[in-house]
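Remarks on the structure that follows.
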Amino acid sequence: MIKYCVSILAKNILEAYEKVQKIYNIADYIEIRADKFKDFDFNIFKKEFNLEKFIFTIRTPKNGGFFSGSEKKRIELLKYAIANNFGYVDIEYDLSPGLINWFSENKNKTKIIISYHNFNETSNNLDNICKKIIKQKPDVIKIVTKANYLSDNVKIFELLKKYRKNYKVVFHTMGEYGEISRIIGGISGNYFTYTSIEQELTAPGQLSIEKLKNEYKLDRLKRNFKLYGLLGNPIKHSHGYLIHNFAFNKNNINSLYLNFLENDLNSFFKNYIDLINGLSVTIPFKKDVINYLDKIDPKAKLIGSVNTILKKNGKLIGYNTDYIGFYNSLKKYINPYSKRIAILGAGGSARAVLVSLLDKQNDIKIFNRTVRNAKTLAQEFNCSYGDLSEVYEYNPQILINCTSVGMYPKVGDTPINTSKIRNCVVYDLVYNPYYTQFLRLASKHNIIVSGFDMFLRQAQEQFRLFTNINFSYLKYRNYFLKLLKII
Ligand code: NAP
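Residues in the sequence shown are numbered consecutively from 20, following our numbering.
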């Protein structure tokens, strides 16, 4: 089970003490980064806390810290932490052999973490560094490097696999690409995972203990967990991890869903294919990912893009759950059969919407800012097309916005003025904000539908593909609205 070490970087002892009070009961370990302290009287800590779970660390800028005193003073302080019975003291692997020996022989009850940091890269030399640290007889080996590529994490996973059985280790990478190593490493054998208090990150790519516990729900996971995730770039604002980890947790499934920030599909499939069980796929890979699949669902093939990949008996199968999510939500409001339908937009989601409505004898017309794009799509699927301004005279019974116009933060925008539309089901795929300007203007004379239901239903279908479980995401709609900060 994962253990959390909350790292606290405070200006002075009093501030550190106040921060520790907040997390003492939920943290397994607490690292006091004393880089900025002027006063080192730990009596206030000793009175209230058990120092056994505290790590004393003091770093200079060379190792990512802020201590500006002399090296002699820093070493004195590390020794002083031992005299104060801190549970752990963290020292750097390149201290002189004499000093490392001193710590090892005079540590008393304190355990020594020997750490290696590389703030520039994750080299191929980590095994040698690890062997060098082992010779220094640490209680805990710590290796932390900068991930410049998602594939850098794999080097760390291999190191972890090799050493976790016989040593206490903490191996992870830093930076945006390294986030997953903190989580996977934490569940896969790291002695603990460094975290922070919300909003107070002490290292790049660090995640808060609140996020790890409440959003990723890591406490439930065992080492043989199944791994799923979202493949894309950018993915910072993607919400899938919140809802899929919630659903895994609710259904007692030992699976984890992470965000895989990737630039290079070749590298991803080479390095992660053995680790993952299924994927969601987003911008910019929904089309290109098809080249890496063994099989593709016929509807996804027709749409020309894949948003879900499932690994079955070692084979990768591609699906598109957007069209199912859309269709299932629309039919709650109107029977989409033999209707006059206007689709605004000619991009990826317009194709999914189109395919879901094609075989139901509807009269479908595509309207787009760039008419050339509407024409290409319309010709492929044998429907008509036009400019956005022509929608009103078409007088649709169902009007669907598949453009990105109106999406947060440009919430005042709308692709057309829907206040002129009458007696229509007006549907907006954009779901943040929940009620877009497009829907607001239409609300007086029409039935309006937010794309949030589609979002939940497509995710529900992904979850069904991943787990074979039909779990109602809609039941938690209000909870998800809040969680995802939909306005
Ligand atoms: P896409 O492939 O990039 O297509 C974007 C479309 O929007 C194009 O037709 C583009 O027209 C049009 N557009 C962009 N800016 C415009 C502007 N200022 N004025 C008029 N038209 C404009 O995007 P997509 O994947 O189809 O996604 C479209 C929207 O649907 C996004 O907001 C996405 O979040 C949402 N979506 C929601 C769900 C859900 O579950 N609810 C699922 C999928 C997508 P041009 O051809 O002229 O560039």
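We put the beta carbon where it would ideally sit given N, CA and C, even for glycine.
Quick one: residues with CB closer than 6 Å to any heavy atom of the ligand NAP, in chain order, please. Selection output, chain order preserved: D341, G344, G364, A365, G366, G367, S368, A369, N387, R388, T389, N392, C421, T422, S423, V424, M426, P434, L448, V449, Y450, G470, M473, F474, Q477.
For the region 306-331, list the alpha helix (DSSP H) runs that are entirely contained and at least 4 residues long, ordered along the chain. If we require 4 residues or more, the alpha helix (DSSP H) runs fully inside the region 306-331 come out as 317-322.
For my contact list, V372 and I309 are in at a C-beta cut-off of 8 Å; report their separation, rounded to the angstrom. In the sequence shown, counting from the first residue as 1, residue 372 sits at position 353. In the sequence shown, counting from the first residue as 1, residue 309 sits at position 290. With a beta-carbon spacing of about 19 Å, V372 and I309 fall beyond the 8 Å limit used to define contacts.
Compute the Euclidean distance between the alpha carbons of F73 and K236, then round it to the nearest angstrom. Taking the sequence shown and counting its residues from 1, the one referred to as residue 73 is at position 54. Taking the sequence shown and counting its residues from 1, the one referred to as residue 236 is at position 217. Computed Cα separation, rounded: 24 Å.
List in chain order: all unbroken beta strand (DSSP E) runs of 3+ residues lying wholly within the region 391-428. Runs found: 403-406, 417-420.
Run of the beta strand (DSSP E) containing L246, from where it starts to where it stops: Here residue 246 refers to the residue found at position 227 when the sequence shown is read from its first residue. From DSSP, the beta strand (DSSP E) with L246 extends over 245-251.
Exposed or buried, what is P355 when buried is set at 16 or more other beta-carbons lying within 10 Å of its beta-carbon? Taking the sequence shown and counting its residues from 1, the one referred to as residue 355 is at position 336. By the 10 Å Cβ count, P355 comes out buried.
Grouping DSSP H, G and I as helix and E and B as strand, with all else coil, what is F85? On the sequence shown, position 66 is the one that residue 85 refers to. Taken through DSSP and simplified to helix, strand or coil, F85 comes out as coil.
With distances taken Cα to Cα, identify the nearest neighbour of L178 among E67, I199, L493, N144. Taking the first residue of the sequence shown as 1, we reach residue 178 at position 159. Nearest of E67, I199, L493, N144 to L178, Cα basis: N144.
Is it the case that the Cβ atoms of Y213 and G248 are separated by a distance below 7 Å? Here residue 213 refers to the residue found at position 194 of the sequence shown. Here residue 248 refers to the residue found at position 229 of the sequence shown. Not closer than 7 Å, so no.
Do you know offhand how far I32's Cα is from Y43's? As a working mapping, residue 32 is identified with position 13 in the sequence shown. As a working mapping, residue 43 is identified with position 24 in the sequence shown. Cα atoms of I32 and Y43: separation of roughly 15 Å, rounded to the nearest angstrom.
Are three or more beta carbon pairs between the region 459-469 and the region 488-497 nearer than 8 Å? At 8 Å Cβ cutoff, the stretches do not touch.
Counting only runs that start and end within the region 422-462, where is the alpha helix (DSSP H) found for 4 or more residues in a row? Those alpha helix (DSSP H) runs which fall completely within the region 422-462 and span 4+ residues are 456-461.
So is Y498 buried or exposed if we call it buried at 16+ other beta carbons inside 10 Å? Locating residue 498 in the sequence shown gives position 479, where the first residue counts as 1. Y498 is classed as exposed because its beta carbon has fewer than 16 other beta carbons within 10 Å across all chains shown.
Counting only runs of 4+ residues fully inside the region 225-310, write out the alpha helix (DSSP H) ranges in chain order. Restricting attention to alpha helix (DSSP H) runs no shorter than 4 residues, the region 225-310 encloses them at 259-269, 284-291, ordered along the chain.
Three-state secondary structure (DSSP) of T129: Mapped onto the sequence shown, residue 129 falls at position 110. Correct three-state label for T129: coil.
Taking F64 as part of the alpha helix (DSSP H), name the residues at either end of that continuous run. Translated into the one-based positions of the sequence shown, residue 64 becomes position 45. The continuous alpha helix (DSSP H) containing F64 extends over residues 62-67.
With a Cβ-Cβ cutoff of 7 Å, do L96 and I77 count as a contact? The residue labelled residue 96 in the question sits at position 77 within the sequence shown. The residue labelled residue 77 in the question sits at position 58 within the sequence shown. Yes, Cβ-Cβ distance for L96 and I77 is below 7 Å.
In whole angstroms, what is the alpha-carbon distance linking R459 and P452? In the sequence shown, residue 459 corresponds to position 440, counting from 1. In the sequence shown, residue 452 corresponds to position 433, counting from 1. Whole-angstrom Cα-Cα distance: 11 Å.
Which residues bound the alpha helix (DSSP H) around M20? In the sequence shown, residue 20 corresponds to position 1, counting from 1. Looking at the DSSP string, M20 is not in any alpha helix (DSSP H), and its letter there is neither H nor E.
Just to confirm the assignment, what range does the alpha helix (DSSP H) spanning S123 have? In the sequence shown, counting from the first residue as 1, residue 123 sits at position 104. Here the alpha helix (DSSP H) through S123 covers 116-124.
Could you check where the alpha helix (DSSP H) with N147 kicks off and where it finishes? Walking along the sequence shown from the start, residue 147 turns up at place 128. Start and end: 145-154.
Would you kindly check if the distance between the Cβ of T129 and the Cβ of V108 is under 7 Å? Taking the first residue of the sequence shown as 1, we reach residue 108 at position 89. Taking the first residue of the sequence shown as 1, we reach residue 129 at position 110. For V108 and T129, yes; Cβs fall inside 7 Å.
Quick check: what's the CA-CA separation for I315 versus I216? Against the sequence shown, residue 315 aligns to sequence position 296. Against the sequence shown, residue 216 aligns to sequence position 197. Going by the C-alpha atoms only, they are around 43 Å apart.
DSSP state of T340, grouped into three classes? If you number the sequence shown from 1, residue 340 lands on position 321. Coil, per DSSP.
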